[in-house]
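Heads up, the sequence shown is in the working numbering, so the first residue is 4 and it goes up one at a time.
Idealized CB from N, CA, C, for every residue including glycine.
Comments concern the structure below.
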Amino acid sequence: MKNNIINIKYFFTIILITLTLVCTQSCDDDEIVLPETCFDGVKNGNETGVDCGSDCQPCPTCDDGIMNGSETDIDCGGPDCDACLETCDDGVLNNGEEEIDCGGPNCDPCVTAAITRYPNFLSAGFETFHTFESEDTGKTVIDGDPGNDVTVQGAPLPMVTFGVPDPVDPTMYAGRYNRPEGNISDGFTDYKFAINTGAAYDFTDLGDIQLSVYTPAGTIAGNVTPTVEVLFIARNDANPNFWEHWTIVNATLSATDAWETVTIDGSGVKASMDAFGVQYDQIAIRVGGSGHTEAATFYIKDFVFINKEIVASATFANDQGNNLGLTGDPGNDVTAQGAPLPMMEFGITGPENNFVGRYNRPDGNISDGFTDYKFDINTGTPYTFANNAKFSLEVYTPAGTIAGNVTPTVELLFIARNDANPNFWEHWTIVNATLSATDSWETITIDGSGIQASMDGFGVQYDQVAIRIGGSGHTEAATFYVRNFNWFNAD
4 MKNNIINIKY FFTIILITLT LVCTQSCDDD EIVLPETCFD GVKNGNETGV
54 DCGSDCQPCP TCDDGIMNGS ETDIDCGGPD CDACLETCDD GVLNNGEEEI
104 DCGGPNCDPC VTAAITRYPN FLSAGFETFH TFESEDTGKT VIDGDPGNDV
154 TVQGAPLPMV TFGVPDPVDP TMYAGRYNRP EGNISDGFTD YKFAINTGAA
204 YDFTDLGDIQ LSVYTPAGTI AGNVTPTVEV LFIARNDANP NFWEHWTIVN
254 ATLSATDAWE TVTIDGSGVK ASMDAFGVQY DQIAIRVGGS GHTEAATFYI
304 KDFVFINKEI VASATFANDQ GNNLGLTGDP GNDVTAQGAP LPMMEFGITG
354 PENNFVGRYN RPDGNISDGF TDYKFDINTG TPYTFANNAK FSLEVYTPAG
404 TIAGNVTPTV ELLFIARNDA NPNFWEHWTI VNATLSATDS WETITIDGSG
454 IQASMDGFGV QYDQVAIRIG GSGHTEAATF YVRNFNWFNA D
């Protein structure tokens, strides 16, 4: 009997231990097994949504801080949530934008495609320049000196940031010049182009140096001065203290919140180099002075060495010209005689996405004077024409343009409009050149050395300049593109 009782106790002990182990295993297991109906793509059982709610995983909501369900962004969009707020930095083409996050009535203009600026001086033959639109817009002066990396000495920004929106016209590019603060060696307050390891720079005929600078209001304060300096350095010289024989030329800034072109006299650079007995092989730009305890930001563009005297110029990227008025002569209004387009349209997006002028040669019953584009009459200082006067103009001729009575001709007309003789064409002077390229930009150069003699021979003072492209006939229309008209006196 006693043995039976022991066996019964042993049996119940085994059962208790087994139940305890099962319970312990079950309680330690955190895995929640959802019903199979939570994965069948149907709202069934006690679900509050399709495969969610109650016994299934929670349903997405429009306030859970997660992009889930049918939302197109975090807690917005889709059929269930409120529409997402359209902004200029949401990475979506919305908000009336022309491209993602730019353009249209609400966002900044798009600058996603480079719009290369061709300064007036390029077509006049200047080789040393930099636009700062990007690192590859330099010619002769090339980016790349490691000394520009102020970040290695603790400054948060590089010395120059390329391709930032122009602060005046954000559809264009410029460079942002970042003058660092703090414990930065003074050499890091100038932007240094790469050392010229090829042909030596030739400063024999160096005249003016130009740079356009934009100074935001409030920038000139403390030890930040309104100074632009250009430094000429011999870095490959045996003397490591290159500053002992560099040459620095400078100019003073006077404008704020506007582009200002400063002109610096560089005519003495060659003499300084000869006196030191070195060959300058590096160029640097410093804006804001040589101190470095205070930060400052400027914008820069169009750095150039000028070895020719520019008398007048016009880009046609806008209605501004240097010593040439572009919009005022009523003779340019061909619409008055029935032509559908003005003679010249400014700031047109050209064949290579840069801003240029479109020259519209009218057809029909248009007097021949309307086939040339006339600059304003010069009512100020009379034009003078040196015996080395030259003119250049870049022209783009679309394929098929030269046909019928449209000829591959570019003419410059010099006119005395304020003369007593109303038949001004009886004593004007016309110089010309021939176009030879299609579907590409072509720089044509015209010799103006005889204009002064013609003016003297007629006994008049030329006070107006005109451009005619495509010949003097007017029975057929034609369209050309133009940019960078320059009138310069050659060396």
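1. So, at 6 Å on beta carbons, what are the nonlocal neighbours of Trp490 in its own chain, with the 5 sequence-adjacent residues on each side left out?
2. How would you call Val233, buried or exposed, if buried means at least 16 neighbouring beta carbons within 10 angstroms?
3. Over what stretch of residues does the beta strand (DSSP E) that includes Lys377 continue unbroken?
4. Within the continuous beta strand (DSSP E) that includes Val233, where are the two ends?
5. Identify the residues that DSSP records as bridge partners of Val468: which are they?
6. How big is the Cα-Cα spacing for Gly360 and Asp66?
7. Going by beta carbon distance, what residues of the same chain come within less than 6 Å of Pro170, once the five residues before and after it are set aside?
8. With a CB to CB cut of under 7 Å and the five nearest residues on each side skipped, what residues in its chain are close to Ala389?
9. Residue range of the alpha helix (DSSP H) that Gly178 falls in?
10. Express the C-alpha separation of Asn226 and Asn357 in angstroms, rounding to a whole number.
11. According to the Cβ coordinates, are Lys142 and Phe206 closer than 9 Å?
12. Can we say the stretch 371–380 touches the stretch 399–406, given the rule of at least three CB pairs closer than 8 Å?
13. Got a sec, what are the start and stop residues for the beta strand (DSSP E) Lys195 sits in?
14. Are there 16 or more other CB atoms within 10 angstroms of the CB of Pro343, so buried, or fewer, so exposed?
15. Would you tell me roughly how many angstroms separate the C-alpha atoms of Arg179 and Gly185, rounded to the nearest one?
16. Specify whether the stretch 338–355 and the stretch 238–255 touch according to this definition: at least 3 beta carbon pairs, one from each stretch, less than 8 Å apart.
17. Can Ser215 and Tyr176 be called in contact, C-beta distance under 9 Å?
18. Is Ser270 close to the ligand MG? I mean its beta-carbon at under 8 Å from any heavy atom of the ligand.
19. Please name the residue, chosen from Val281, Gly291, Arg238, that lies closest to Leu256 on a Cα-to-Cα basis.
20. Is Asp459 helix, strand or coil when you go by DSSP?
21. On the three-state DSSP scale, how would you describe Asp450?
22. Return yes when the Cβ of Asn368 is within less than 9 Å of the Cβ of Glu348, no when it is not.
23. Given that a residue counts as buried once 16 or more other Cβ atoms are within 10 Å of its Cβ, and exposed if not, what is Gly147?
24. For the alpha helix (DSSP H) that contains Met276, what are its first and last residues?
25. Would you kindly work out how many angstroms separate the C-alpha atoms of Thr115 and Gly99, rounded to a whole number?
26. With DSSP run on the structure shown, which of helix, strand or coil describes Gln340?
27. Sort Thr296, Pro229, Ile251, Ser275 by Cα distance to Glu263 and report the nearest one.
28. Taking DSSP as the reference, what is the three-state secondary structure of Trp246?
29. Opposite Val36 in the DSSP bridges: which residues?
30. In whole angstroms, give me the CA-to-CA distance for Gln285 and Phe306.
31. Please classify Asn426: is it buried, with 16 or more other beta-carbons within 10 angstroms of its beta-carbon, or exposed?
32. Could you give the distance in angstroms between the alpha-carbon of Ala440 and the alpha-carbon of Phe319?
33. Return yes when the Cβ of Pro385 is within less than 9 Å of the Cβ of Asp466, no when it is not.
34. DSSP has Leu396 in a bridge; who is on the other side?
35. Measure the CB-CB distance between Asn181 and Ala298 and report whether it falls below 9 Å.
36. Grouping DSSP H, G and I as helix and E and B as strand, with all else coil, what is Asn6?
Straight from the coordinates:
1. To locate residue 490, count along the sequence shown from 1; it is residue 487. Only Val314, Ala315, Phe394 meet the Cβ criterion.
2. Looking up residue 233 in the sequence shown gives position 230. The residue is buried, with at least 16 neighbouring Cβ atoms inside 10 Å.
3. Within the sequence shown, residue 377 is the residue found at index 374, counting from 1. Where Lys377 is concerned, the enclosing beta strand (DSSP E) stretches over 375–377.
4. Start at 1 with the first residue of the sequence shown, and residue 233 comes out as number 230. Here the beta strand (DSSP E) through Val233 covers 230–236.
5. Taking the sequence shown and counting its residues from 1, the one referred to as residue 468 is at position 465. Per DSSP, Phe417.
6. One-based indexing of the sequence shown puts residue 360 at position 357. One-based indexing of the sequence shown puts residue 66 at position 63. The straight-line gap from Cα to Cα measures roughly 53 Å.
7. In the sequence shown, residue 170 corresponds to position 167, counting from 1. Excluding sequence neighbours, Pro170 sits near Tyr217, Tyr302.
8. Translated into the one-based positions of the sequence shown, residue 389 becomes position 386. Counting only Cβ-Cβ distances below 7 Å, and skipping sequence neighbours, we find Asn492.
9. As a first step, residue 178 is located in the sequence shown; it is residue number 175 there, counting from the start. From DSSP, Gly178 is part of no alpha helix (DSSP H) but of the beta strand (DSSP E) over 176–182.
10. Working through the sequence shown from its first residue, we reach residue 357 at position 354. Working through the sequence shown from its first residue, we reach residue 226 at position 223. Whole-angstrom Cα-Cα distance: 39 Å.
11. On the sequence shown, residue 142 is found 139 positions in, with the first residue counted as 1. On the sequence shown, residue 206 is found 203 positions in, with the first residue counted as 1. No, these two residues do not count as a Cβ contact at 9 Å.
12. no
13. Position 192 of the sequence shown, counted from the start, is the residue given in the question as residue 195. Its beta strand (DSSP E) spans residues 193–195.
14. For the purposes of this step, residue 343 is taken as the residue at position 340 of the sequence shown. Burial call: exposed.
15. Taking the sequence shown and counting its residues from 1, one reaches residue 179 at position 176. Taking the sequence shown and counting its residues from 1, one reaches residue 185 at position 182. Their Cα atoms are separated by approximately 19 Å.
16. no
17. As a position in the sequence shown, residue 215 is number 212, starting the count at 1. As a position in the sequence shown, residue 176 is number 173, starting the count at 1. No.
18. Among the ligands in the structure shown, none appear at all, so the ligand MG cannot be discussed.
19. On the sequence shown, residue 256 is found 253 positions in, with the first residue counted as 1. Of Val281, Gly291, Arg238, the residue nearest in Cα terms is Gly291.
20. In the sequence shown, the residue the question calls residue 459 occupies position 456. Residue state, collapsed to three classes: helix.
21. Mapped onto the sequence shown, residue 450 falls at position 447. In the structure shown, Asp450 sits in a strand (DSSP, three-state: E or B).
22. As a working note, residue 348 is residue 345 in the sequence shown. As a working note, residue 368 is residue 365 in the sequence shown. Not a contact, by the Cβ cut-off of 9 Å.
23. Counting from 1 along the sequence shown, the entry for residue 147 is found at position 144. Gly147 comes out exposed.
24. Locating residue 276 in the sequence shown gives position 273, counting from the first residue. Counted as a single uninterrupted DSSP element, the alpha helix (DSSP H) harbouring Met276 occupies residues 272–279.
25. What you label residue 115 is simply residue 112 of the sequence shown in a count that begins at 1. What you label residue 99 is simply residue 96 of the sequence shown in a count that begins at 1. At Thr115 the pLDDT is 43, less than 50, meaning the model places this residue with poor confidence and gives no usable figure here.
26. As a position in the sequence shown, residue 340 is number 337, starting the count at 1. Three-state result, Gln340: helix.
27. Looking up residue 263 in the sequence shown gives position 260. Out of Thr296, Pro229, Ile251, Ser275, Pro229 has the C-alpha closest to the C-alpha of Glu263.
28. Start at 1 with the first residue of the sequence shown, and residue 246 comes out as number 243. Of the three classes helix, strand and coil, the one that applies to Trp246 here is helix, per DSSP.
29. Walking along the sequence shown from the start, residue 36 turns up at place 33. In DSSP, Val36 forms no bridge with anything.
30. As a position in the sequence shown, residue 285 is number 282, starting the count at 1. As a position in the sequence shown, residue 306 is number 303, starting the count at 1. Taking the straight line joining both Cα atoms gives about 15 Å.
31. Along the sequence shown, read from residue 1 onward, the residue named residue 426 stands at position 423. Exposed, by the Cβ-count rule.
32. Taking the first residue of the sequence shown as 1, we reach residue 440 at position 437. Taking the first residue of the sequence shown as 1, we reach residue 319 at position 316. For Ala440 and Phe319, the distance between alpha carbons rounds to 20 Å.
33. Your numbering for residue 466 matches position 463 in the sequence shown. Your numbering for residue 385 matches position 382 in the sequence shown. Yes. Within cutoff.
34. Within the sequence shown, numbered from 1, the residue matching residue 396 stands at position 393. Per DSSP, Ile447.
35. For the purposes of this step, residue 181 is identified with residue 178 of the sequence shown, where counting begins at 1. For the purposes of this step, residue 298 is identified with residue 295 of the sequence shown, where counting begins at 1. Yes, Cβ-Cβ distance for Asn181 and Ala298 is below 9 Å.
36. The sequence position of residue 6 within the sequence shown is 3, counting from 1. Here Asn6 scores only 47 on pLDDT, less than 50, and its place in the model should not be relied on; the value that follows carries that caveat. Reduced to three states, the DSSP call for Asn6 is helix.
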